[in-house]
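Remarks on the structure that follows.
There are 2 protein chains.
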Amino acid sequence: MPLDQRKKQILQAIVDDYVSTAEPVASNSLIQRHDFRVSSATVRNEMADLEQMGYLEQPHTSSGRVPSDKGYREYVDSLMRVDQLSDEEGEQIKSRLSDSFDELAGLLKKASSTLSEQTGFVSLALTPRLRKSYLKQLKMMMIEPGKVLVVVVLSAGIVKDRLVRIPDYLTPEQLSLISNSIESGLSGKPLEEITLVTVASAAKESQVPESLLNQILYEAYTAIKQADNLELYMDGTNRMLSLPEFSNISKARSLFDTLATDGIVSGYVNELSMDNERATYMIRIGQEISIEGLSDCSFVTTTYNVGDRIAGNIGVIGPKRMEYSKVISQISFVREVINNQMNRLKELNGGF
Amino acid sequence: MPLDQRKKQILQAIVDDYVSTAEPVASNSLIQRHDFRVSSATVRNEMADLEQMGYLEQPHTSSGRVPSDKGYREYVDSLMRVDQLSDEEGEQIKSRLSDSFDELAGLLKKASSTLSEQTGFVSLALTPRLRKSYLKQLKMMMIEPGKVLVVVVLSAGIVKDRLVRIPDYLTPEQLSLISNSIESGLSGKPLEEITLVTVASAAKESQVPESLLNQILYEAYTAIKQADNLELYMDGTNRMLSLPEFSNISKARSLFDTLATDGIVSGYVNELSMDNERATYMIRIGQEISIEGLSDCSFVTTTYNVGDRIAGNIGVIGPKRMEYSKVISQISFVREVINNQMNRLKELNGGF
DNA sequence: TTTAGCAGTCAATGAATGCGAGTGCTAAGA
DNA sequence: TCTTAGCACTCGCATTCATTGACTGCTAAA
Numbered sequence: 033m034p035l036d037q038r039k040k041q042i043l044q045a046i047v048d049d050y051v052s053t054a055e056p057v058a059s060n061s062l063i064q065r066h067d068f069r070v071s072s073a074t075v076r077n078e079m080a081d082l083e084q085m086g087y088l089e090q091p092h093t094s095s096g097r098v099p100s101d102k103g104y105r106e107y108v109d110s111l112m113r114v115d116q117l118s119d120e121e122g123e124q125i126k127s128r129l130s131d132s133f134d135e136l137a138g139l140l141k142k143a144s145s146t147l148s149e150q151t152g153f154v155s156l157a158l159t160p161r162l163r164k165s166y167l168k169q170l171k172m173m174m175i176e177p178g179k180v181l182v183v184v185v186l187s188a189g190i191v192k193d194r195l196v197r198i199p200d201y202l203t204p205e206q207l208s209l210i211s212n213s214i215e216s217g218l219s220g221k222p223l224e225e226i227t228l229v230t231v232a233s234a235a236k237e238s239q240v241p242e243s244l245l246n247q248i249l250y251e252a253y254t255a256i257k258q259a260d261n262l263e264l265y266m267d268g269t270n271r272m273l274s275l276p277e278f279s280n281i282s283k284a285r286s287l288f289d290t291l292a293t294d295g296i297v298s299g300y301v302n303e304l305s306m307d308n309e310r311a312t313y314m315i316r317i318g319q320e321i322s323i324e325g326l327s328d329c330s331f332v333t334t335t336y337n338v339g340d341r342i343a344g345n346i347g348v349i350g351p352k353r354m355e356y357s358k359v360i361s362q363i364s365f366v367r368e369v370i371n372n373q374m375n376r377l378k379e380l381n382g383g384f
Numbered sequence: 033m034p035l036d037q038r039k040k041q042i043l044q045a046i047v048d049d050y051v052s053t054a055e056p057v058a059s060n061s062l063i064q065r066h067d068f069r070v071s072s073a074t075v076r077n078e079m080a081d082l083e084q085m086g087y088l089e090q091p092h093t094s095s096g097r098v099p100s101d102k103g104y105r106e107y108v109d110s111l112m113r114v115d116q117l118s119d120e121e122g123e124q125i126k127s128r129l130s131d132s133f134d135e136l137a138g139l140l141k142k143a144s145s146t147l148s149e150q151t152g153f154v155s156l157a158l159t160p161r162l163r164k165s166y167l168k169q170l171k172m173m174m175i176e177p178g179k180v181l182v183v184v185v186l187s188a189g190i191v192k193d194r195l196v197r198i199p200d201y202l203t204p205e206q207l208s209l210i211s212n213s214i215e216s217g218l219s220g221k222p223l224e225e226i227t228l229v230t231v232a233s234a235a236k237e238s239q240v241p242e243s244l245l246n247q248i249l250y251e252a253y254t255a256i257k258q259a260d261n262l263e264l265y266m267d268g269t270n271r272m273l274s275l276p277e278f279s280n281i282s283k284a285r286s287l288f289d290t291l292a293t294d295g296i297v298s299g300y301v302n303e304l305s306m307d308n309e310r311a312t313y314m315i316r317i318g319q320e321i322s323i324e325g326l327s328d329c330s331f332v333t334t335t336y337n338v339g340d341r342i343a344g345n346i347g348v349i350g351p352k353r354m355e356y357s358k359v360i361s362q363i364s365f366v367r368e369v370i371n372n373q374m375n376r377l378k379e380l381n382g383g384f
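Given below as structure tokens:
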């Protein structure tokens with residue numbers, strides 16, 4: 033049974049009120065704040081219906097109602113009004129992100145901290161998935177015998193490096209032979225197609241004796257693969273301690289443990305984004321997030337783009353009780369700024 | 033007035049008991065747990081004295097006593113028994129730190145996480161102060177026109193790099209001229225003696241026109257200086273949420289905010305260590321740490337060494353109510369392991 | 001100097017109470 | 001059939017109060 037107009041109105045009003053007060057919403061306060069043309073008794077009846085249908089919950093008899101996950105879902109899907117960011121807020125974000133960043137990492141860190149500051153919640157920024165981007169350069173620079181800096185340059189203008197040890201009888205000449213042949217054999221190949229085998233066959237061209245080669249192949253391969261690691265910048269976790277939702281220490285502890293565990297959040301957001309390639313923003317509410325410790329939270333994430341195939345994510349983790357429309361508009365704004373900066377970086381790098 | 037023998041015994045017993053129970057210690061429970069040959073009344077008299085002398089505090093009349101900062105200080109300075117780490121615990125630490133680390137950062141991260149796991153408190157590891165170590169190499173590697181990777185190698189075997197932008201009309205040849213002359217002009221110089229001026233005068237030798245030079249000097253200088261940045265690895269902050277001391281959410285928030293603020297903890301520990309060069313370990317208790325948000329905590333830190341002049345710190349931040357002797361022995365043990373690993377790294381790098 | 005004994009203090013606990021903010025239900029009115 | 005006034009009912013919450021018990025400090029005797 034679909035919700036009729038009035039039920040929708042009431043649900044919307046309840047979510048709005050609950051978001052701003054954090055208190056269960058009563059029928060009386062509802063008709064006072066919003067001018068429904070009906071009495072509180074009517075609203076009560078509707079609320080009872082909504083509860084029965086699963087959109088609302090009642091912490092205890094004789095208390096007001098609170099939206100359920102399903103209620104929030106209905107709200108974000110079809111009830112909420114889209115918020116426009118005020119010029120002032122827009123300017124604030126823009127100016128905080130107006131430095132010209134030379135590096136992706138710097139830009140994303142700043143984007144994340146800005147987002148957290150603006151929303152008051154936990155923010156996150158994920159480096160792009162680079163599987164589709166290709167290897168542009170591979171340099172190996174001998175720091176001293178046995179110690180080599182492997183520098184990987186990707187098409188997206190991303191530079192990563194890694195200090196490794198190799199047998200110390202390898203000469204700089206041999207090293208540069210090897211790295212040159214790997215580079216020329218693999219440059220232009222998407223990262224996802226590069227394997228230990230392809231690296232090995234490219235390296236063979238160098239004519240360096242195989243016994244020496246083997247010692248260094250794996251390091252080269254690892255350095256390339258490592259360039260594809262997702263990195264997560266998270267900010268503002270402490271803010272969650274101020275929310276009534278987490279005034280209970282053990283809830284806070286479990287939230288913090290979850291957020292601090294490597295890979296949980298980044299993995300979730302990454303998957304979410306891969307499963308919803310077409311969506312501009314993704315919202316996941318409470319139990320929809322099947323991660324222990326985050327069941328009282330909501331995710332609002334979006335995708336930024338570098339060129340047309342490479343994409344990363346930014347987003348916010350907050351209490352279910354958040355101003356979704358505002359958060360969405362804040363995130364969208366930050367995304368725009370990032371996209372612009374990315375384009376600038378792209379020009380700078382002469383295309384991806 | 034110095035403490036007589038019995039007062040010392042009683043103070044020691046009170047600290048021991050309070051550390052293990054987190055409850056104010058009563059005269060009665062004291063004589064039950066320890067076999068003083070006197071009655072509780074006598075102990076009460078002594079406790080009243082100790083309170084008057086500032087070693088104890090009473091949360092309210094008719095409650096037991098709690099050690100004051102001064103009490104803890106007396107305890108750690110002259111009362112506590114030195115604890116020996118059990119073989120098992122020692123082995124555990126050793127095995128967790130037995131991987132051969134190629135990099136300082138990896139070693140320190142692992143040391144920090146081990147320390148936090150063993151103690152149950154917040155751990156920290158600070159990279160070495162490198163002001164006394166000297167520049168060994170400076171390489172500039174052109175990734176593409178306008179984009180350069182500056183690699184700094186220090187005598188301690190530490191490699192840091194930094195991606196910078198330069199004017200894109202600079203040729204690779206000019207670049208290598210510049211970096212070569214900076215390197216040969218400055219290598220062997222302690223970091224603390226390198227300034228923008230010395231970099232500039234070294235670079236002049238390259239014969240590259242000054243208008244080009246200026247564009248890149250600053251980047252080179254910054255890269256060198258940045259190699260000296262203290263980095264802090266902190267672990268286990270969430271554990272603090274389980275302590276009764278921080279069951280109050282706003283105390284937890286203020287602690288977390290302090291710990292998360294860049295530079296506060298690292299700056300404090302660094303200064304502490306510089307001011308106490310001869311000390312093997314340093315303990316700071318409660319108000320002795322003049323940092324807001326840490327006044328309910330204690331620091332226990334020690335210094336590890338790389339060669340004889342270069343040193344960094346590891347340590348623990350926990351509640352004042354901690355088993356100091358145990359924590360000290362845990363930290364000392366970790367320090368030993370680090371020192372050994374450092375020596376291994378030193379061999380590997382052919383001396384510092 | 002020590003200690004038994006006792007009076008005094010205070011936090012913590014739990015029962016009793018009233019309050020008030022809510023609801024659900026009913027019956028009358030539109 | 002929908003709406004609504006009215007009322008009984010529920011329940012959390014704050015307040016009060018008395019009780020308990022874990023302490024102490026003090027006193028006076030050993």
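Going line by line, the protein sequences match chains A and B. By the count of the numbering used here, the first sequence reaches residue 384 at its end, each step adding exactly one. By the count of the numbering used here, the second sequence reaches residue 384 at its end, each step adding exactly one. Note that the Cβ used here is the ideal one computed from N, Cα and C, for glycine as well. All of these numbers come straight from a predicted model, not from anything done at the bench.
- The alpha helix (DSSP H) runs of length 4 or more contained entirely in the segment 64-133 of chain A are, from start to end of the chain, 72-84, 101-106, 119-128.
- Residue pairing of A:Phe331 in beta bridges, as defined by DSSP: A:Arg316, A:Ile349.
- Taking 8 Å as the cut-off, the Cβ atoms of A:Arg128 and A:Glu224 do not count as close.
- In this chain, the alpha helix (DSSP H) harbouring A:Gln247 covers 242-258.
- Unbroken beta strand (DSSP E) runs of no fewer than 3 residues, entirely contained in the segment 159-185 of chain A, are found at 167-176, following chain order.
- Membership of A:Met272 in any beta strand (DSSP E) is not indicated, and neither H nor E is assigned to it by DSSP.
- In its chain, beyond the 5 residues on either side, Arg271 have a beta carbon closer than 7 Å to the beta carbon of A:Gly152.
- B:Tyr336 is bridged by DSSP to B:Gly344.
- B:Ile125 and B:Lys352 have their C-alpha atoms spaced approximately 24 Å apart.
- Straight through space, the alpha carbons of B:Lys221 and A:Tyr300 are spaced by roughly 49 Å.
- Within chain A, Leu195 have C-beta atoms less than 8 Å from the C-beta of B:Glu135, given in sequence order.
- The three-state reading of DSSP puts A:Ala54 in coil, since its state is none of H, G, I, E or B.
- Assignment of A:Met354 by DSSP, reduced to helix, strand and coil, places it in the coil class.
- Under a criterion of Cβ atoms nearer than 9 Å, no residue of chain B is adjacent to A:Met172; the nearest Cβ is some 11 Å distant.
- Of all residues in the segment 277-294 of chain A, those with a C-beta nearer than 7 Å to a C-beta of chain B are Ser279, Ile281, Ala284, Arg285, Phe288, Asp289, Ala292, reading in chain order.
- The C-beta of A:Gln169 comes closer than 8 Å to at least one C-beta of chain B.
- Look at B:Leu195 here: in three-state DSSP terms it is strand.
- In its chain, beyond the 5 residues on either side, Pro351 have a beta carbon closer than 7 Å to the beta carbon of A:Leu275.
- The beta carbon of B:Ser95 sits closer than 6 Å to those of Pro56, all from its chain and outside the five residues before and after it, given in chain order.
- In this structure, B:Val348 and B:Val154 form a Cβ contact; the two beta carbons are roughly 7 Å apart against a cut-off of 8 Å.
- Residue burial annotation: A:Thr146 is buried, with at least 16 other C-beta atoms found within 10 angstroms of its C-beta.
- Partner residues in a beta bridge of B:Leu291, as assigned by DSSP, do not exist.
- Neighbours of B:Asn302 in chain A, taken as residues at a C-beta separation under 9 Å, are lacking, since the least C-beta distance is about 23 Å.
- B:Ser59 and B:Ile317 have their C-alpha atoms some 25 Å from each other.
- For B:Asn77, no Cβ of chain A is located within less than 8 Å of the residue's own Cβ.
- At a Cβ-Cβ threshold of 8 Å, B:Gly268 and B:Ser148 count as neighbours.
- The segment 194-205 of chain B makes no contact with the segment 226-234 of chain B, as fewer than three CB pairs between them are under 8 Å.
- Using a CB distance cut-off of 8 Å, B:Ser274 counts as an interface residue toward chain A.
- By the neighbour-count definition (other C-beta atoms within 10 Å, threshold 16), B:Gln373 is a buried residue.
- Residue nearest to A:Asp109 within the set A:Leu377, A:Glu324, A:Ala311 is A:Ala311 (criterion: CA-CA distance).
- Not a single C-beta of chain A is nearer than 8 Å to the C-beta of B:Ile125.
- Remark: three or more beta-carbon pairs, one from each stretch, lie closer than 8 Å, so the segment 289-307 of chain A and the segment 248-266 of chain A are flagged as touching.
- Of all alpha-carbon atoms in B:Tyr336, B:Leu291, B:Arg38, the one lying nearest the alpha-carbon of B:Glu78 is that of B:Arg38.
- In terms of Cβ geometry, A:Lys168 and A:Leu186 form a close pair [threshold 8 Å].
- Under DSSP, A:Ala157 shares a beta bridge with A:Tyr265, A:Ile346.
- A:Val184 is a Cβ neighbour of A:Ile256, given a cutoff of 8 Å.
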